[in-house]
Amino acid sequence: MASELKANEPNVAVWRETVTDLTAGAAGGQPFDLVKVRLQTQNGGNTLPTARNIWAKEGPLAFYRGTLMPLLGVGACVSIQFGAFHGIRQAIESYNTDKRPGHDSTLSIPQYYLAGAGAGVATSIISVQIYNGPLGCALKLIGTAGIASIYRGQAVILLREIHGYGVWLAAYEGLVGIAMARQQKEREELPS
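Counted from 1, the sequence shown has number 48 at position 48 by full-length UniProt numbering; the numbering is strictly sequential.
So this is what it looks like as structure tokens:
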């Protein structure tokens, strides 16, 4: 009973860390999203020249205009990201068990990267910046530049998501493994 009560108590440190992580994630991803939106709404152009143009003509703070909505949407993205990551991780663990019966199903760092990259793909599907609502944005893009304009700039976002989540989650799992080995504890016994 006491352990159930303790498990249900709010942990201020966890909430503070979560809010900090969400804010940092939105702040780090916002410049990429802005460049993608500019690529979608302007005719022609490539990623680097567009980013340079924003910096030169509008200044570095221009990359953070409209950050509130992405910050609010990060919670949904994180939920999808971790759901996809854990689903892919479990699939790889099953593969490892089937491939090597009797051996540990623990993932290697490259396999964690693969699971993280898959989470990046899943997250990129919903992380498109909102512009007067998704339908309004889609209608404006289609009306001005055709259906292909909806996907303009998606490659840079997909690249960010795949590599970013792959590196992040592979590093995280590697550090969890080190902590487990040093503390001689199971994953569930480590503090969150």
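Every residue gets a Cβ at the ideal spot worked out from N, C-alpha and C, and that includes glycine.
Rounding to the nearest angstrom, what Cα-Cα distance links leucine 175 and glycine 136 in this structure? When the Cα atoms are used, leucine 175 and glycine 136 turn out to be separated by approximately 43 Å.
Cβ distance (whole Å) where threonine 123 is taken to contact tyrosine 165 below 8 Å: Right, their Cβ atoms sit about 7 Å apart.
Below 8 Å on the Cβ atoms is my guess for isoleucine 150 versus isoleucine 142; work out the distance and round it to an integer in Å. For a cut-off of 8 Å, the C-beta gap from isoleucine 150 to isoleucine 142 is around 7 Å, short enough to register as a contact.
Taking C-beta to C-beta, are residue 225 and leucine 169 nearer than 8 Å? Any property of residue 225 remains undetermined from this structure, which presents the chain solely from 1 to 192.
Please return the same chain residues whose Cβ sits closer than 8 Å to the Cβ of glutamine 81, not counting the five positions on each side in sequence. Here the set comprises Ala119, Gly120, Ala122, Thr123 and Tyr165.
In chain order, what residues of the same chain have a beta carbon less than 6 Å from the beta carbon of residue 200, not counting five sequence neighbours either side? Limits of the chain in this structure are 1 at one end and 192 at the other, which puts residue 200 out of reach.
Starting from glutamine 183 and walking both ways along the alpha helix (DSSP H), at which residues does that stretch end? Start and end: 154–183.
Tell me which residues share the same chain as leucine 158 and place their Cβ nearer than 6 Å to its Cβ, disregarding the 5 neighbours each side in the sequence. Within the same chain, leucine 158 has close Cβ partners Ser124.
In three-state terms, what does DSSP make of asparagine 96? Residue state for asparagine 96 is assigned as helix, using DSSP reduced to three classes.
Quick one, which of Tyr64, Ala138, Glu93 and Arg100 has its alpha-carbon nearest isoleucine 109's? Residue Glu93 is the option with its Cα nearest to isoleucine 109.
Three-way DSSP call (helix, strand, coil) for alanine 7 in this model: Note that alanine 7 scores a pLDDT of 46, beneath 50, so its modelled location is shaky; the value from the coordinates is reported in the next line. It is helical.
Return the first residue and the last residue of the alpha helix (DSSP H) that glycine 143 is part of. First-last of the alpha helix (DSSP H) with glycine 143: 134–145.
Beta-carbon within less than 8 Å of methionine 180's beta-carbon, same chain only, minus the 5 sequence neighbours each way: which residues are those? So the qualifying residues of the chain are Glu186, Arg187 and Leu190.
Using only the alpha-carbon positions, how far apart do glycine 146 and alanine 171 sit? If you take the alpha carbons of glycine 146 and alanine 171, they lie about 41 Å apart.
Span separating the alpha-carbon of arginine 100 from that of glycine 87: In a straight line, the C-alpha of arginine 100 is about 20 Å away from that of glycine 87.
Kindly indicate which three-state DSSP category glutamine 42 falls into: helix, strand or coil? In the structure shown, glutamine 42 sits in coil (DSSP, three-state: anything other than H, G, I, E or B).
Return the residue from the list Thr97, Pro31, Ala138 and Asn96 that minimises the CA-CA distance to glycine 59. The residue from Thr97, Pro31, Ala138 and Asn96 with its alpha-carbon nearest to that of glycine 59 is Pro31.
Would you kindly work out how many angstroms separate the C-alpha atoms of alanine 155 and serine 79, rounded to a whole number? Each residue's alpha carbon lies about 23 Å from the other.
In whole angstroms, give me the CA-to-CA distance for lysine 36 and threonine 47. Taking the straight line joining both Cα atoms gives about 8 Å.
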